[in-house]
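2 protein chains.
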Amino acid sequence: MANRAVADWSSDSGGLEPIARATLQEQVYQQLRNRIMTGFFQPGQPLSTRSVAEAAGVSVMPVRDALRRLEVENALVVGNNRTLQVPILDVDTLQEISAMRIALEGLAVERAMPAINTDDVAVLRNLCGVMNDSILSGDIDKYLEANWAFHNRIYERSSSEIMLSVIESLWLRMGPYFRLTAKDKNHLDNAMKIHHDIVEAMRTGDCAAARSAVVADIEAAAGDLSQWLAQQAS
Amino acid sequence: MANRAVADWSSDSGGLEPIARATLQEQVYQQLRNRIMTGFFQPGQPLSTRSVAEAAGVSVMPVRDALRRLEVENALVVGNNRTLQVPILDVDTLQEISAMRIALEGLAVERAMPAINTDDVAVLRNLCGVMNDSILSGDIDKYLEANWAFHNRIYERSSSEIMLSVIESLWLRMGPYFRLTAKDKNHLDNAMKIHHDIVEAMRTGDCAAARSAVVADIEAAAGDLSQWLAQQAS
DNA sequence: TGACTCCAAGTGTGATCACACATATCACCC
DNA sequence: GGGTGATATGTGTGATCACACTTGGAGTCA
Numbered sequence: 023m024a025n026r027a028v029a030d031w032s033s034d035s036g037g038l039e040p041i042a043r044a045t046l047q048e049q050v051y052q053q054l055r056n057r058i059m060t061g062f063f064q065p066g067q068p069l070s071t072r073s074v075a076e077a078a079g080v081s082v083m084p085v086r087d088a089l090r091r092l093e094v095e096n097a098l099v100v101g102n103n104r105t106l107q108v109p110i111l112d113v114d115t116l117q118e119i120s121a122m123r124i125a126l127e128g129l130a131v132e133r134a135m136p137a138i139n140t141d142d143v144a145v146l147r148n149l150c151g152v153m154n155d156s157i158l159s160g161d162i163d164k165y166l167e168a169n170w171a172f173h174n175r176i177y178e179r180s181s182s183e184i185m186l187s188v189i190e191s192l193w194l195r196m197g198p199y200f201r202l203t204a205k206d207k208n209h210l211d212n213a214m215k216i217h218h219d220i221v222e223a224m225r226t227g228d229c230a231a232a233r234s235a236v237v238a239d240i241e242a243a244a245g246d247l248s249q250w251l252a253q254q255a256s
Numbered sequence: 023m024a025n026r027a028v029a030d031w032s033s034d035s036g037g038l039e040p041i042a043r044a045t046l047q048e049q050v051y052q053q054l055r056n057r058i059m060t061g062f063f064q065p066g067q068p069l070s071t072r073s074v075a076e077a078a079g080v081s082v083m084p085v086r087d088a089l090r091r092l093e094v095e096n097a098l099v100v101g102n103n104r105t106l107q108v109p110i111l112d113v114d115t116l117q118e119i120s121a122m123r124i125a126l127e128g129l130a131v132e133r134a135m136p137a138i139n140t141d142d143v144a145v146l147r148n149l150c151g152v153m154n155d156s157i158l159s160g161d162i163d164k165y166l167e168a169n170w171a172f173h174n175r176i177y178e179r180s181s182s183e184i185m186l187s188v189i190e191s192l193w194l195r196m197g198p199y200f201r202l203t204a205k206d207k208n209h210l211d212n213a214m215k216i217h218h219d220i221v222e223a224m225r226t227g228d229c230a231a232a233r234s235a236v237v238a239d240i241e242a243a244a245g246d247l248s249q250w251l252a253q254q255a256s
């Protein structure tokens, strides 16, 4: 009587996968967010509710929620006629975001260090390899994705949800421009060297070295982008 | 022909005040935000769209937008049955938020220092007086308001919009608990002493002293709240 | 030719209705 | 009496319609 087929359902391993219920709003949000993060949209590009709704094949309601969510995260800003658009980065804002990144990501690394184990180091080293391959094959999308996965892996070890969400929003704000620096060979070489420094600091458990390496990574990106922006303005 | 009455409208000083068009969603958002910041709502209190809509006398649509906005800011969190509720602070989250506050508000003070002038110092000194009066009269609402105005005045001088919005969201997250520490005489005395230190550092332009005073303020609040939470748990 | 008027398209905002889901209550049957 | 199923209530989600506002350009008149 006890060994009915139903009994298996309650076992932890033998049941069905938990059904991931993603609302339409959530799906639209994730798609837009991903495209912003990877620089799919041009800076300044307007995103209206109706246009996005038509492109996604849904009503304006989920789109409205998704866009507002992105607006609060500073991933989108209000344009001229109240239409939301991808933010255009100026040098001052770049400096502000970079300063915040240094403060928060430096803090996140310090908090994460005690929780970093050998598995993490292996994953980070593997992601370094993926980035290297992406550079050789010229796959910018893959590089950007691996780069975020690399940093995210570290920060999520700090077990700080709020801090992680803020850091993500800062990356989101810089997303449309990351792709630009990812085309510069010198920047990529330098970035890969820094990434290896980070992994090495993680392996040896050197907290100060890890922090300074992360800071160096952020400053390098800020410097290259600042240079690009200045060049663009002239 | 040029000096028609219409000409005055285009002048910068002689026109009408720009009409502040606040949407319903914006009004609901501001009201809820203010009440969260000043600890009007109890931690854990659920806020459903329909209940808020009925209380505010509007449809569920503006309320939905306002609640989602607050959710993204971490000012509200999802409860059991997907209903949003005022977040309950645990010691770990308190430490996380305080660490972020130290990193970001310390940075904001440093960036603000060069822009601080004698007017700012006068305003800050005045706000200290307001806080003092509020303590004597026992008006906690007025004290909390003046306290936020004091810090906000400093941070907004850093001319860093994004940083300011993040700092605000952190204050919002701690809002429901600020009121608790504002009942403790020892905490208030210590806070007022620190506030005077901040003003003094602003007056003399001592950047390091200003930063350390702000950090001391945050650490004092974190310490007192942590103590209160531990006492509550037992 | 120039300035002005008017209209159409596009935008966000808000209300209302309908639906799926979760929970609690209670009658019901074994 | 205790488990079982139906129902009522409250919840978020989404679609559809209506409205106010902005903007652009075509058309018109001086």
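Protein chains in written order, with the working numbering: chain Z, 23 to 256; chain F, 23 to 256.
We put the beta carbon where it would ideally sit given N, CA and C, even for glycine.
- With a 10 Å radius around the Cβ and a threshold of 16 neighbouring Cβ atoms, Gly-197 (chain F) comes out buried.
- By the 16-neighbour rule on beta-carbons within 10 angstroms, Gly-61 (chain F) is buried.
- By alpha-carbon distance to Arg-133 (chain Z), the top candidate from F:Glu-132, F:Val-131, F:Ala-137 and F:Ala-125 is F:Ala-125.
- Membership of Ser-234 (chain F) in the alpha helix (DSSP H) is indicated by the continuous run 229-255.
- Within the segment 120-144 of chain F, contact with chain Z at the beta-carbon level (separation under 7 angstroms) is assigned to Ala-121, Met-122, Ala-125, Leu-126 and Leu-129.
- Secondary structure note for Ser-156 (chain F): its alpha helix (DSSP H) is the uninterrupted segment 140-159.
- Our two residues, Ser-156 (chain F) and Gln-53 (chain F), have alpha carbons roughly 22 angstroms apart in a direct line.
- Taking the CA atoms as reference points, Lys-164 (chain F) sits about 16 angstroms from Val-145 (chain F).
- Shown here for Arg-57 (chain Z): same chain residues with a beta carbon closer than 8 angstroms to its own, the five before and five after excluded, namely Phe-63 in chain order.
- In this structure, Leu-116 (chain F) and Leu-69 (chain F) do not form a Cβ contact; the two beta carbons are roughly 22 angstroms apart against a cut-off of 8 angstroms.
- Pairwise C-beta distances place the segment 76-83 of chain F out of contact with the segment 95-109 of chain F, as fewer than three of them are shorter than 8 angstroms.
- In this structure the segment 215-234 of chain Z does not lie against the segment 210-222 of chain F, because fewer than three pairs of beta carbons, one per stretch, are closer than 8 angstroms.
- Between the beta-carbon of Val-131 (chain F) and that of Ala-232 (chain F) there is about 5 angstroms, and that keeps the pair under the 8 angstroms contact cut.
- Beta-bridge partners of Val-100 (chain Z) (DSSP): Z:Leu-106.
- Residues of the segment 160-181 of chain F with a C-beta atom less than 9 angstroms from some C-beta of chain Z are Ser-180 and Ser-181, listed in chain order.
- Under the three-state reduction of DSSP output, Pro-65 (chain Z) falls in the coil class, being neither helix nor strand.
- The beta carbon of Ala-137 (chain F) sits closer than 6 angstroms to the beta carbons of Arg-179 from its chain, once the five residues preceding and following it are set aside; these are given in chain order.
- In summary, Ser-256 (chain Z) is exposed, with fewer than 16 beta-carbon neighbours lying within 10 Å of its beta-carbon over all protein chains present.
- Under the three-state reduction of DSSP, Asp-87 (chain F) is assigned to helix.
- For Thr-45 (chain Z), the closest alpha carbon among the candidates Z:Val-85, Z:Pro-65 and Z:Met-59 is that of Z:Val-85.
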